[in-house]
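Participant:
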Amino acid sequence: MPLNVPDEIPRPWIQITVQTDKKLLGFYQIILSSSPELGVVSGYTRKAVGPAPEHSPVVSVRVMRKVMKELRVRLWTGINIFDEENVIIYKFKRIHYVIFLLYICSTLSHSQYIIQEVKGGTDLIELAVDLSYTFNCFEGCLLYLHFCGIKNRIKDYVVKLGEQWRDDDSLTAKSIAIKRNQIKHIHIYTLVYCTLVKVFVHTYFAFPLVIILIKKFLLNVEVNYITPFKFTFPFNYQSNMLLFAGAYLMDYMIALNISYIVTCSLFFISVTMSQLRTLYMLLHEDFREVIKSKDVDLQIKQIVRRHSALSDLLIEMSDAFGAIFTIHVLFLSVTICFYGIAARINARLEDLNNFLISVITAVNIYNCCRHGQLVTDSAVDVATVAYDSVWEDLSCKNMKIILLAILRSQQASYIRSMKCSEISLKTFITIMNMTWSFISLVTKLYQD
12 MPLNVPDEIP RPWIQITVQT DKKLLGFYQI ILSSSPELGV VSGYTRKAVG PAPEHSPVVS
72 VRVMRKVMKE LRVRLWTGIN IFDEENVIIY KFKRIHYVIF LLYICSTLSH SQYIIQEVKG
132 GTDLIELAVD LSYTFNCFEG CLLYLHFCGI KNRIKDYVVK LGEQWRDDDS LTAKSIAIKR
192 NQIKHIHIYT LVYCTLVKVF VHTYFAFPLV IILIKKFLLN VEVNYITPFK FTFPFNYQSN
252 MLLFAGAYLM DYMIALNISY IVTCSLFFIS VTMSQLRTLY MLLHEDFREV IKSKDVDLQI
312 KQIVRRHSAL SDLLIEMSDA FGAIFTIHVL FLSVTICFYG IAARINARLE DLNNFLISVI
372 TAVNIYNCCR HGQLVTDSAV DVATVAYDSV WEDLSCKNMK IILLAILRSQ QASYIRSMKC
432 SEISLKTFIT IMNMTWSFIS LVTKLYQD
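Sequential numbering from 12 applies to the sequence shown in our numbering.
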């Protein structure tokens, strides 16, 4: 459904905002409701009531809409990255404080259970699953707090990326196909992954509760009130069914929320890197086609200017997303180790089921590292593509411009989190090797 934009809106705003293909409605939805000159978004329709300001940071709605929809980050986590005011939950301006307080309470209740069991002499192997989930709660708290602190940096970066987004009008047929194919791939992966995460979390928590309710009310069988992950309350919530159900559903809701924030934080990075890589791939085609254009001088200047902007975005991305990737890397090893050790030593069905949590987390990390590797490779490949073009047929001035672009491309570096953890496949392999070595060592020591 096309966006309704009046004719009097300045052309640059139309180029960025208008989209007639629903499949290209990608992932970032930035609604600048703070600007009175701009209207609101209803579905896919943008209604403008006046001309946009000259420097209004209105960007494409194509980049992360699906991620936010699938993960429900706006509705469930309270993190209002894009300052949207047309969502009901944002009528409560301090909702994120309430949600963060729930995170803290959940983390403390699960930690208290671990402490009590350890003091009681329980083997750590028996507590491996609960211990790992407690670390996941700590991870969720850190990510939530960090997300709230850097959301303006993320928004500013997304605005800059959106300003570089390419409309179909300025692309060749081959470039359009490349762009649509890239958006399609990231959309399919995001949709499938998020759906599987939601199904797993709901099944993991809902199925045991349903079994308890069936035994209690249909079969009239005495049941033990046991939750998937153990926690403590100031009162005995297992004394009756009503208290147990309330505590169970509360922990269920918080766990679901934490799974969203943990998954979403990496998807923001992955999808952003995918979009940046798409722009680099379109730049490759520009270098290949520039020789055929009639106004070569003008086209080369535009290409080099665009390449410079993308190179700056590649550098700025390390700061835009702060320590999100580093936090994930630190907690990934702990999560996999505890779940993996429990599954390998006990070899029970429930431990194998818990190990799926490690697999889900590892796949998410791998996807992020993969996109980090690809976007860096695409930035470096600009030098190869520019060199392979028939640039020797150009004027001396244009040859110098192309040479400068080649030299700058060769200096492209990996995106880093906290200036220490590079987002690449090499990092992922290192994490997996280190984790597997630790699991093997602990398993051998325990069995001996």
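Every residue gets a Cβ at the ideal spot worked out from N, C-alpha and C, and that includes glycine.
What's the C-alpha gap between Q384 and P245?
Facilitator: The residue you call residue 384 lines up with position 373 of the sequence shown. The residue you call residue 245 lines up with position 234 of the sequence shown. Q384 and P245: Cα-Cα distance of roughly 48 Å.
Participant: Could you give the residue range of the alpha helix (DSSP H) that holds G173?
Facilitator: On the sequence shown, residue 173 is found 162 positions in, with the first residue counted as 1. Here the alpha helix (DSSP H) through G173 covers A139 to E174.
Participant: If you count every other CB in all the chains shown that lies within 10 Å of the CB of K195, and 16 or more means buried, which is it?
Facilitator: Looking up residue 195 in the sequence shown gives position 184. Flag for K195 reads exposed.
Participant: Between the beta-carbon of A331 and the beta-carbon of R164, is there less than 7 Å?
Facilitator: Looking up residue 331 in the sequence shown gives position 320. Looking up residue 164 in the sequence shown gives position 153. It is a contact, given that the beta carbons lie within the stated cut-off.
Participant: By the DSSP assignment, the alpha helix (DSSP H) with R451 in it spans what residues?
Facilitator: The count along the sequence shown starts at 1 and reaches residue 451 at position 440. The residue asked about is misnamed: residue 451 is Ser in this sequence, not Arg. From DSSP, the alpha helix (DSSP H) with S451 extends over L436 to Q458.
Participant: Report the CB separation of S304 from Q310 in whole angstroms; it is logged as a contact under 8 Å.
Facilitator: As a first step, residue 304 must be located in the sequence shown, where it is residue number 293. As a first step, residue 310 must be located in the sequence shown, where it is residue number 299. Distance from S304 to Q310 at the Cβ level is roughly 5 Å; contact confirmed, criterion being Cβ atoms closer than 8 Å.
Participant: Given that a residue counts as buried once 16 or more other Cβ atoms are within 10 Å of its Cβ, and exposed if not, what is F279?
Facilitator: Here the question's residue 279 lines up with position 268 in the sequence shown. Its Cβ being crowded by 16 or more others within 10 Å, F279 is buried.
Participant: Between K408, C407 and L418, which has its C-alpha nearest T395's C-alpha?
Facilitator: Taking the sequence shown and counting its residues from 1, one reaches residue 395 at position 384. Of the candidates K408, C407 and L418, the one whose C-alpha sits nearest the C-alpha of T395 is L418.
Participant: If you draw a straight line from the alpha carbon of V315 to that of E433, how long is it in whole angstroms?
Facilitator: To locate residue 315, count along the sequence shown from 1; it is residue 304. To locate residue 433, count along the sequence shown from 1; it is residue 422. Answer to the nearest angstrom: the Cα atoms are 27 Å apart.
Participant: For M252, which option in K227, M264 and F240 has the closest C-alpha, if you only look at C-alpha atoms?
Facilitator: As a first step, residue 252 is located in the sequence shown; it is residue number 241 there, counting from the start. Nearest C-alpha to M252: K227.
Participant: Assign V273 to buried or exposed, taking buried as 16 or more other Cβ atoms, counted over all protein chains shown, within 10 Å of its Cβ.
Facilitator: For the purposes of this step, residue 273 is taken as the residue at position 262 of the sequence shown. So V273 counts as buried.
Participant: So, for I356: in the same chain, excluding its five sequence neighbours on each side, which residues have a beta-carbon less than 7 Å away from its beta-carbon?
Facilitator: Position 345 of the sequence shown holds residue 356. Excluding positions up to five away in sequence, the list reads I136, T454 and Y457.
Participant: Could you compute how far the alpha carbon of S424 sits from the alpha carbon of T387?
Facilitator: Here residue 424 is taken as the residue at index 413 of the sequence shown, counted from 1. Here residue 387 is taken as the residue at index 376 of the sequence shown, counted from 1. If you take the alpha carbons of S424 and T387, they lie about 7 Å apart.
Participant: Report the rounded CA-to-CA distance for S120 versus I450, giving the unit in angstroms.
Facilitator: Indexing the sequence shown from 1 puts residue 120 at position 109. Indexing the sequence shown from 1 puts residue 450 at position 439. Answer to the nearest angstrom: the Cα atoms are 27 Å apart.
Participant: Going by DSSP, which residues form a beta bridge with R316?
Facilitator: The residue you call residue 316 lines up with position 305 of the sequence shown. Per DSSP, none; premise fails for R316.
Participant: For F211 and L367, which I take to be in contact (beta-carbon distance under 8 Å), what is that distance rounded to the nearest angstrom?
Facilitator: As a first step, residue 211 is located in the sequence shown; it is residue number 200 there, counting from the start. As a first step, residue 367 is located in the sequence shown; it is residue number 356 there, counting from the start. Right, the Cβ-Cβ distance comes to about 7 Å (below 8 Å), so this counts as a contact.
Participant: Assign Q127 to one of two classes, buried (16 or more other C-beta atoms within 10 Å of its C-beta) or exposed (fewer than that).
Facilitator: Locating residue 127 in the sequence shown gives position 116, where the first residue counts as 1. Exposed, by the Cβ-count rule.
Participant: Look at C380 and F439 and say whether their C-beta atoms are less than 7 Å apart.
Facilitator: For the purposes of this step, residue 380 is taken as residue 369 along the sequence shown, with counting starting at 1. For the purposes of this step, residue 439 is taken as residue 428 along the sequence shown, with counting starting at 1. Going by C-beta atoms, C380 is nearer than 7 Å to F439.
Participant: I'd like the list of long-range same chain contacts for V109, defined as Cβ closer than 6 Å, with 5 residues on each side in sequence excluded.
Facilitator: Within the sequence shown, residue 109 is the residue found at index 98, counting from 1. Excluding sequence neighbours, V109 sits near nothing in its chain.
Participant: Compute the Euclidean distance between the alpha carbons of K411 and G351, then round it to the nearest angstrom.
Facilitator: Counting from 1 along the sequence shown, the entry for residue 411 is found at position 400. Counting from 1 along the sequence shown, the entry for residue 351 is found at position 340. Distance between the alpha carbons of K411 and G351 is about 56 Å.
Participant: Would you please state the rounded distance, in angstroms, between the beta carbons of L325 and I426? I believe it to be under 8 Å.
Facilitator: The residue you call residue 325 lines up with position 314 of the sequence shown. The residue you call residue 426 lines up with position 415 of the sequence shown. About 7 Å separates the two Cβ atoms, so the contact holds.
Participant: With a cut-off of 8 Å on the beta carbons, I'd call Y124 and K241 a contact; round off their distance for me.
Facilitator: Here residue 124 refers to the residue found at position 113 when the sequence shown is read from its first residue. Here residue 241 refers to the residue found at position 230 when the sequence shown is read from its first residue. Contact flag correct, Cβ pair sits at about 5 Å.
Participant: For A373 and D362, which I take to be in contact (beta-carbon distance under 8 Å), what is that distance rounded to the nearest angstrom?
Facilitator: As a first step, residue 373 must be located in the sequence shown, where it is residue number 362. As a first step, residue 362 must be located in the sequence shown, where it is residue number 351. Their Cβ separation, rounded to whole angstroms, is 17 Å, which puts A373 and D362 out of contact at 8 Å.
Participant: How is the alpha helix (DSSP H) around P233 delimited, first residue to last?
Facilitator: Residue mapping note: residue 233 aligns to position 222 of the sequence shown, counting from 1. Before going further, note that residue 233 is Glu rather than Pro in the sequence given. Counted as a single uninterrupted DSSP element, the stretch harbouring E233 is not any alpha helix (DSSP H), since DSSP gives it neither H nor E.
Participant: Count the C-beta pairs between the region 140 to 150 and the region 178 to 191 that are closer than 8 Å, then say yes if the count reaches three, no if not.
Facilitator: no
Participant: S432 bridges to which residues according to DSSP?
Facilitator: As a working note, residue 432 is residue 421 in the sequence shown. Bridge partners of S432: S428.
Participant: Run the CB neighbour count on C205, radius 10 Å, all protein chains shown included, and call it buried at 16 or more, exposed below.
Facilitator: Position 194 of the sequence shown holds residue 205. Looking at its Cβ environment, which holds 16 or more other Cβ atoms inside 10 Å, C205 is buried.
Participant: Express the C-alpha separation of N247 and Q193 in angstroms, rounding to a whole number.
Facilitator: Along the sequence shown, one-based indexing puts residue 193 at 182. Along the sequence shown, one-based indexing puts residue 247 at 236. In this structure, the alpha-carbon of Q193 lies about 53 Å from that of N247.
Participant: Rounded to the nearest angstrom, how far is the Cβ of F111 from that of L154, given a contact under 8 Å?
Facilitator: Walking along the sequence shown from the start, residue 111 turns up at place 100. Walking along the sequence shown from the start, residue 154 turns up at place 143. Not a contact, Cβ separation roughly 11 Å.
Participant: Would you tell me roughly how many angstroms separate the C-alpha atoms of R359 and N365, rounded to the nearest one?
Facilitator: Working through the sequence shown from its first residue, we reach residue 359 at position 348. Working through the sequence shown from its first residue, we reach residue 365 at position 354. Taking the straight line from one Cα to the other gives about 10 Å.
Participant: Please report the straight-line C-alpha distance between V340 and S270, rounded to a whole angstrom.
Facilitator: The residue you call residue 340 lines up with position 329 of the sequence shown. The residue you call residue 270 lines up with position 259 of the sequence shown. The straight-line gap from Cα to Cα measures roughly 16 Å.
Participant: Three-state secondary structure (DSSP) at D330?
Facilitator: Here residue 330 corresponds to residue number 319 of the sequence shown, with the count starting at 1. DSSP places D330 within a helical segment (H, G or I) once states are collapsed to three.
Participant: My parser needs the alpha helix (DSSP H) runs of 4 or more residues fully inside the region 334 to 397; what are they?
Facilitator: 335 to 357
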